[in-house]
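K.L.:
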Amino acid sequence: MYDHVFLNGMREVTSSSKPIQTVADLDGFKIRTPAAKLPTDLFKSLGAAPTPMNFNEVYTSLQTKIVDGQENPLTVIETSRLFEVQKYLSLTNHMWSGFWMIGNPDSWNKIPPDLQKIALAGFKKYVQQQRADVEAMNDSLAQKLAKEVLTINKVDPSSFRAKLGPFYSRWKEEFGPSAWTLLEKYSGKLG
82 MYDHVFLNGM REVTSSSKPI QTVADLDGFK IRTPAAKLPT DLFKSLGAAP TPMNFNEVYT
142 SLQTKIVDGQ ENPLTVIETS RLFEVQKYLS LTNHMWSGFW MIGNPDSWNK IPPDLQKIAL
202 AGFKKYVQQQ RADVEAMNDS LAQKLAKEVL TINKVDPSSF RAKLGPFYSR WKEEFGPSAW
262 TLLEKYSGKL G
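So that you can map any letter, position 118 of the sequence shown is 199 in this note's numbering, and since no number is skipped, the others follow by simple counting.
#1: Out of P120, I112, F87, point me to the one whose CA is closest to F74's CA.
#2: Tell me, which residues are paired with Y169 by DSSP?
#3: Are L88 and S221 touching if we call contact CB-CB under 9 Å?
#4: Just to confirm before moving on: does the CB-CB distance between L127 and L264 stay below 9 Å?
#5: So A243 is in the alpha helix (DSSP H); what residue range does that whole segment cover?
#6: Rounding to the nearest angstrom, what Cα-Cα distance links P115 and W261 in this structure?
#7: What did DSSP end up calling G128 once you bin it into helix, strand or coil?
#8: Check the DSSP bridge columns for T114 and list the partner residues they point to.
#9: Helix, strand or coil for N190 per DSSP?
#10: Rounded to whole angstroms, what's the CA-CA distance from G90 to D214? Just pull it up for me.
#11: Would the beta-carbon of E93 fall within 9 Å of that of L143?
#12: Applying the 10 Å Cβ sphere with the 16-neighbour rule, what's the burial state of V104?
#13: CA-CA distance, V139 and R242?
#14: Distance, Cα to Cα, K270 vs K253?
#15: Helix, strand or coil: how does DSSP classify G109 here?
#16: Going by DSSP, what residue range makes up the beta strand (DSSP E) through Q66?
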C-alpha cells in the first residue's frame with residue numbers, strides 16, 4: 082500500500098558490565114536480541130551469545146542479569162527506561178530500524194483514487210517530518226542519557242565489519258543480488 086518507511090533510528094548496544102569498543106568486547110557477551118533470524122545471526126557472527134526474547138521481558142532480564150546487554154534505538158532505550166538497569170551505551174549503529182505503514186488492501190481499494198492520492202501525499206509529508214523529528218530526538222537523547230546515567234562511547238565499525246565476511250555472504254544469498262546492491266548503495270561495500 083505505501084512504500085515509504087518510517088524511522089525508529091539506528092540500533093545501539095547497552096551493557097551493564099563494560100563498554101563495547103571493538104568486536105573483541107562482544108566475545109561471549111550475553112545480549113538480548115529480537116526473536117528474529119537476522120539480528121540473532123549478526124550477533125552470533127560477532128562472537129556474542131545472543132538471547133532472543135520478546136521485548137516485554139527485556140527490562141527484567143537486564144535487571145536480573147539473565148543478559149548483560151541489549152540493542153535498540155535510542156528512543157526505545159529512553160522510553161523503556163533501560164538506562165536504569167544499564168551503565169554503558171555504545172553507539173554501534175549496527176542496524177537501521179524502521180517501521181512500515183500497512184493496511185488491508187481490500188479496504189484501501191474501496192477508497193476512491195482521488196482520495197488515495199491525497200492520503201498518500203499526506204503520508205509522504207508525514208514520514209519526512211517524522212524522520213526529521215526522530216533524528217533530532219536521537220541527538221538530544223544521546224546528550225540527555227550521557228548527562229543523567231550512561232557512559233557513552235562511539236565505536237569504530239572497522240573491527241566489526243572485518244569479522245562479518247561470512248555473515249555478509251549468507252545474507253547476500255538470502256536477500257538476492259538486486260537487494261544487496263541497493264543496500265551497498267547506502268552502506269558502502271560489505272564483505
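C-beta: ideal position from N, C-alpha, C; glycine also.
P.N.:
Well, looking at it:
#1: Nothing can be reported for residue 74: it is not among the residues displayed for the chain, which extend from 82 to 272.
#2: Residue pairing by DSSP places Y169 opposite S96, T232 in a beta bridge.
#3: 9 Å or more divides the Cβ of L88 from the Cβ of S221.
#4: Not closer than 9 Å, so no.
#5: Counting along the chain, the unbroken alpha helix (DSSP H) around A243 starts and ends at 239–244.
#6: Cα to Cα, the separation comes out at about 22 Å.
#7: Coil at G128, not helix or strand.
#8: When beta bridges are read from the DSSP output, T114 appears opposite P133.
#9: Residue state for N190 is assigned as helix, using DSSP reduced to three classes.
#10: Those two C-alpha atoms are separated by around 11 Å.
#11: Cβ distance not < 9 Å, so E93 and L143 don't count as in contact.
#12: By the 10 Å Cβ count, V104 comes out buried.
#13: Going by the C-alpha atoms only, they are around 27 Å apart.
#14: Cα-Cα distance, rounded: 12 Å.
#15: Of the three classes helix, strand and coil, the one that applies to G109 here is coil, per DSSP.
#16: Residue numbering for the chain in the displayed model covers 82 to 272; residue 66 lies beyond these limits and cannot be assessed.
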